[in-house]
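S.K.: For the protein sequence lines, the chains are A and B, in the order given.
Residues in the first sequence are numbered from 1431 upward in steps of one, following my numbering.
Residues in the second sequence are numbered from 666 upward in steps of one, following my numbering.
What follows is a single structure, and I will ask about it in a moment.
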Amino acid sequence: METEDEADIKWKSHEKYLADMLKVLPQPYSSQDAHRLTLIYFIVSSLDLLGKSDKVNKKDVVDFVYSMQVLPDKDDPDRNFQNCGFRAGPFFGESWSPQCEPHSLNQFDQSHLAITYVALALLRICGDDGRMVNRRAITRALRCLQLDDGSFCAVPASENDMRFVFCAAAVSHMLDDWSGIDVDRAVNYIVASQSYDGGIGQGPGQESHGGSTYCALAALKLMGRLDALRDRQGLIQWCVERQVSGFQGRINKVADCCYSFWIGASLTLLSAYELIDFDCLKNHTAACQHRVGGFAKWPDNYPDVLHTYMALCGLSLGGDPNLLPVDAALGFSRAASGSFGRA
Amino acid sequence: MSDSDDDEQGGYVPFGEREEWSDVVPVPQDEGPNPVCSIAYSDQFRDTMDYFRAVLRRDERSERVLQLTADVIELNPANYTAWHFRRVVLEAIGADLRRELDYVASVGRKTPKNYQIWFHRRALVEKLNDFSAEFDFAAELLRDDSKNYHTWAHRQWVIQRFDAWDGELAFVDQLLRQDLRNNSAWNQRWFVVTRSNTVELSADVRRREAQYALDFIKKAPNNQSPWAYLKGLFGGKKFDDYPDIMQTLQEMRGSYVTCAHVVSLLVEVNAQRATAASLAAAIQDCDALASSLDVMHKKYWTYRAG
């Protein structure tokens, strides 16, 4: 069902773009090989939001995801417990194993927290019951990814920032198991990261940014601690003021269509989404479409799967009837959101 | 043909044809029978990764593997496993970490928005206990992209880790004189002023910083950054404790008749005063913002008036 309005979204072209990417990603995506499961998530979840998940072979996706699970070593689970979760792709060289049989693991074969998040999301979207997810291994690994300041690393010894606080909260929510994270410490990190201008940075003292603001708010929502915010009013105003046509990610930066989700969802979580000019936002998003499909960050740029996904999520938040509603806190369709239930 | 294809094909010899690698059996990737979202890797990419997988499997830590990790990083700078293993190899072979700082600087120049290079740099700086190259390196990258989030975060890390506060205010000032709309620089000023000691901001410092912001506001009244800074300075404190600042704001309201920011700040002031008269003034200002001064955000100002 296509609706023609002033902001003309070319739905069929995006479906085709996504269907093509689902088969083969062009060579420039090689530099994102280490985050391949994230690319799969953007594409599959986009098709899901478009109501076209029938174009996805869900069994193939579920098999692929499970084959990416980094399990505890079969003979000595204490040796690699901090690596457990999901890896981004088969680039490490492990054998294909969608049945998750116990096996020996190499010490350098690490999961990545953002990948564990998208892996669980993909299982939810594809209707899998999560039975083969090793939850204990994941929550055990989470505990050693959290630092004293409450933030999280992605792998043992990596950068730490708000992105992984969100991923940890989302993973815990989907597993319905909060034993992997110290919620109070995580909340303290988030509260300390609210900046003088009301927005939230990647960490205390860092510049307010749409991406980190979303990660912080979504994490607080999932942890049931939105009330911990020091200055809710200031944050609402900061978010609203990011609208210059589309949304900018920081003060005095250019509008980028992915912030239609990061900022849009932030406002949704603050129950303030109705305060934006949605028509103006939609016009900017529409201008970011590429003529052969997909969305780019700016008008007249090349599209990529991340901006395509974020643009679709941003449109969904605005209630577009061509899209399934997205869950603002988890970042994918409300229908697929939720947890796998207690183990 | 893309630029990267040209680079790859120039002088590349497949590993299988290199004498010095003849003892290693390459390990291909196993994607299963029905791969999802296959990536159209170049032959060079596939070949390099086949050998990287092989050395990971045997945990070889040697000079040739150090070079191999550099090859992987060149093709995929975001491969965190390659960076991690590189650190393991650097340690094992007792490599010159200062040369490594030069190496990571060269990668950083090509891909300054990559998270791994900054983490690698921190790891080296920690090991060397030497941050002497960091400010210059960050300054160099800021010349190309004055708002690179990672670069500013790195400066903050160095400053806090090594208690190296001196010189940063001057650096920020220099950048603001080049571009007074650089919000990252404004944020950095806040960082230095509020964190360089643990004592709460004195009235003198608050006033000094307010004057600094006001000077920049006068150069470009519609620039949001110094307004956000000014609002941040008085957050929680009463604006009325600084009658000279209030006076300046009222004058600006008169001079900059189309500037939303001064009226928006006065809404905050009146909201804090919270008397019947000041709240009425705030509501009137919200109406002015909604109807003419800040129409893009009119729904917000209407909500605020309520």
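Backbone N, C-alpha and C fix where the C-beta goes; we use that ideal spot for every residue, glycine too.
On a predicted model such as this, the values are computed, not experimentally measured, just so you know.
Less than 7 Å between the C-beta atoms of A:GLY1744 and A:GLY1664, yes or no?
M.R.: no
S.K.: Let me confirm a value: A:ASP1757 is counted as buried when at least 16 other C-beta atoms fall within 10 Å, else exposed. Which label applies?
M.R.: With 16 or more Cβ atoms within 10 Å of its Cβ, A:ASP1757 is classed as buried.
S.K.: In chain B, which residues lie with their C-beta within 8 Å of the C-beta of A:SER1581?
M.R.: Ordered by position in chain B, no residue passes the 8 Å Cβ test against A:SER1581, which lies about 12 Å from the chain.
S.K.: Thinking B:TRP748 and B:HIS785 are a contact (beta carbons under 8 Å), I'd like their distance in whole angstroms, please.
M.R.: 5 Å
S.K.: With distances taken between CB atoms, is the gap from B:ALA925 to B:LEU954 smaller than 7 Å?
M.R.: yes
S.K.: For a test of the three-state rule: what should DSSP assign to B:VAL927, helix, strand or coil?
M.R.: helix
S.K.: Could you compute how far the alpha carbon of A:LYS1504 sits from the alpha carbon of A:LEU1647?
M.R.: 38 Å
S.K.: Name the chain B residues whose beta carbon is nearer than 7 Å to that of A:PRO1751?
M.R.: Within 7 Å Cβ-Cβ: nothing; A:PRO1751 doesn't reach chain B, min ~22 Å.
S.K.: Could you pull out every unbroken alpha helix (DSSP H) segment of at least 4 residues lying fully inside the segment 849–937 of chain B, listed in chain order?
M.R.: 868–884, 889–899 and 908–920
S.K.: Can you list, in chain order, the residues of its chain with a C-beta nearer than 6 Å to that of B:PHE881? Leave out the 5 residues immediately preceding and following it.
M.R.: LEU845 and PRO891
S.K.: At a Cβ cut of 8 Å, what residues of the segment 1438–1467 of chain A count as close to chain B, listed as they run along the chain?
M.R.: MET1451, LEU1452, LYS1453, VAL1454, LEU1455, PRO1456, GLN1457, PRO1458, TYR1459, SER1460, SER1461, GLN1462, ASP1463, ALA1464, HIS1465 and ARG1466
S.K.: Of all the CB atoms in chain B, is at least one closer than 7 Å to the CB of A:PHE1538?
M.R.: Output row for A:PHE1538: interface = yes.
S.K.: Mind checking if A:SER1525 is an interface residue toward chain B, Cβ cutoff 7 Å exclusive?
M.R.: yes
S.K.: Under three-state DSSP, which class holds A:CYS1574?
M.R.: helix
S.K.: DSSP beta-bridge partners for A:ASN1590?
M.R.: Partner residues in the beta bridge of A:ASN1590, as assigned by DSSP, are A:CYS1583.
S.K.: Can the beta-carbon of A:ARG1399 be found closer than 7 Å to that of A:VAL1491?
M.R.: For chain A, the structure presents residues 1431 to 1773; residue 1399 of chain A sits outside this window and is missing.
S.K.: Check whether the Cβ atoms of A:LEU1577 and A:ASN1590 lie closer than 7 Å to each other.
M.R.: yes
S.K.: Between A:LEU1575, A:PHE1538 and A:PRO1528, which has its C-alpha nearest A:LEU1553's C-alpha?
M.R.: A:PRO1528
S.K.: Which chain B residues are close to A:ASP1490, counting only those with a beta carbon under 7 Å from its beta carbon?
M.R.: ASN699 and VAL701
S.K.: Please tell me whether A:VAL1495 and A:ALA1449 are closer than 7 Å, where the distance is taken between their beta carbons.
M.R.: Taking the C-beta atoms as reference points, A:ALA1449 is found no nearer than 7 Å to A:VAL1495.
S.K.: Could you pull the start and end residues of the alpha helix (DSSP H) that B:GLN732 belongs to?
M.R.: 728–740
S.K.: Any beta carbon of chain B sitting closer than 7 Å to that of A:GLY1641?
M.R.: no
S.K.: Can you list, in chain order, the residues of its chain whose CB lies under 6 Å from that of A:GLY1419, leaving out five sequence neighbours each side?
M.R.: Past the edges of chain A, shown from 1431 to 1773, lies residue 1419 of chain A, and the structure says nothing about it.
S.K.: Considering only the alpha carbon of each residue, which of A:TYR1739, A:PRO1751 and A:ASP1627 lies closest to A:MET1451?
M.R.: Residue A:TYR1739 is the option with its Cα nearest to A:MET1451.
S.K.: Assess, as a yes-or-no matter, whether the segment 732–741 of chain B is touched by the segment 692–699 of chain B under the definition of 3 or more beta carbon pairs within less than 8 Å.
M.R.: no
S.K.: Would you please verify whether the beta carbon of B:ILE738 is less than 7 Å from any beta carbon of chain A?
M.R.: no
S.K.: Any Cβ of chain C within less than 7 Å of the Cβ of A:GLY1744?
M.R.: No chain C appears in the structure shown, which is made up of the protein chains A and B.
S.K.: If I measure Cβ to Cβ from B:PHE856 and keep anything under 7 Å in the same chain, skipping five residues before and after, which residues do I get?
M.R.: GLN821
S.K.: Output yes or no for whether 7 Å exceeds the beta carbon distance between A:GLY1771 and A:HIS1714.
M.R.: no
S.K.: What residues in its chain sit with their C-beta under 6 Å from that of B:ASN848, if we drop five residues either side in the sequence?
M.R.: SER890
S.K.: Mark B:GLU682 as exposed unless 16 or more other C-beta atoms lie within 10 angstroms of its C-beta, in which case mark it buried.
M.R.: exposed
S.K.: In three-state terms, what does DSSP make of A:SER1623?
M.R.: coil
S.K.: Residues in its own chain within less than 8 Å of B:LYS812 by CB, not counting five upstream and five downstream?
M.R.: By the criterion of a C-beta distance shorter than 8 Å, B:LYS812 is surrounded in its chain by ASN847, ASN848 and SER849, once the five residues flanking it on both sides are discounted.
S.K.: Using CA coordinates, which residue listed in A:HIS1542, A:GLY1628, A:ASP1579 and A:LEU1575 is at the minimum distance from A:SER1775?
M.R.: Look at the range of chain A in this structure, 1431 to 1773, and you will see that residue 1775 of chain A is not part of it.
S.K.: Given this structure, state the Cα-to-Cα distance separating A:LYS1442 from A:TYR1471, to the nearest angstrom.
M.R.: 20 Å
S.K.: For B:LYS770 versus B:ARG726, is the C-beta distance shorter than 7 Å?
M.R.: The sequence shown places Ala at residue 770 of chain B, rather than the Lys named in the question. No. Outside cutoff.
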